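Enquirer:
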Amino acid sequence: MKLVQVAGWLGSGKTTLVIALGKGLSKNGKTVAIVVNEIGAIPVDGKVVEEYGLTVNDIGGGCICCQVSGNMFRTIKALYEGPRPDIVIIEPTGLAVPGSIRETIRAGAHEMDISMGPTIVLIDIPRAEKLLGYEGLKRLVTAQMVDADIIALSKVDMATEGELLEARGAVCVVNPRAEIIHLSTSKGEGVAALIQAVTETRVEA
Ligand SMILES: Nc1nc2c(ncn2[C@@H]2O[C@H](COP(=O)(O)OP(=O)(O)OP(=O)(O)O)[C@@H](O)[C@H]2O)c(=O)[nH]1
Ligand SMILES: [Mg+2]
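If you're matching positions, the sequence shown starts at -8 in my numbering and goes up one per residue.
1. Comparing alpha-carbon positions, which option in I141, D104, Q187, L1 lies nearest R118?
2. In chain order, what residues of the same chain lie with their CB nearer than 6 Å to the CB of N28, ignoring the 5 residues before and after it?
3. Would you check if the region 167 to 179 and the region 119 to 128 touch, i.e. whether three or more CB-CB distances between them fall below 8 Å?
4. Got a sec: does ligand 1 put a non-hydrogen atom nearer than 7 Å to the Cβ of T110?
5. Of all the options V162, A158, V79, which has the alpha carbon lying nearest to the alpha carbon of K21?
6. Which one of T190, D148, I142, K146 has the shortest CA to CA distance from G160?
7. What's the gap between the Cα of N48 and the Cα of A134?
8. So what does DSSP say about T95, is it helix, strand or coil?
9. If you compare alpha carbons, which of K14, K68, A139, V(-5) is closest to G99?
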């Protein structure tokens, strides 16, 4: 069972990508479970994803990177002991720092045969200037980027060449180690590369 995170600020396109990855991986013969973390009481995202016939596990009651990390771990353990899908895609809240989620998994997963796939962090390109322009936001978005194996510049269909170049420069400075992918889930750009990365990449837990 391999765990993959799709993280990124609120509204950056995580669920849209998670659905596309889930569908693509299923088509390639992989069994996939999706773990969605909603801060609010109504698990809207889970309902949307379920329409596509993917297994969805909703964790409410707080953010899995801090308040309800135990719930996330129990969900992963239940998946492992039950259906044990090939790939579990985790969508944390837009406020989560992926490194602390990985830490929770690392701390408890030693008795399970779990591998870590890439942590994908989305940067909403049409909003990148705003996200990286405000000090408070910048701190969190930067913390998310630092933890990424792959940074997906999302919604490139809505971005100008200038916006893309500028965002790419900023991203490289924050995390020179991450692979950068141009993503437009609506237009299908970058999705195949991410499916391949999820399938083939293994990172240190
Ligand atoms: N133009 C464009 N819009 C997109 C793309 N991907 C997602 N969106 C839109 O962006 C909005 C937010 O997408 P979601 O997938 O719900 O984003 P999210 O990161 O899961 O949002 P939260 O879970 O609320 O943080 C929706 O209106 C999507 O239709 C894209 O590639 N291009
Ligand atoms: Mg979402």
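Backbone N, C-alpha and C fix where the C-beta goes; we use that ideal spot for every residue, glycine too. Keep in mind the model is a prediction, meaning the values are calculated, not measured.
Expert: Looking at the atomic coordinates:
1. L1
2. I50, I55, P83, T84
3. no
4. no
5. V79
6. I142
7. 26 Å
8. helix
9. K68
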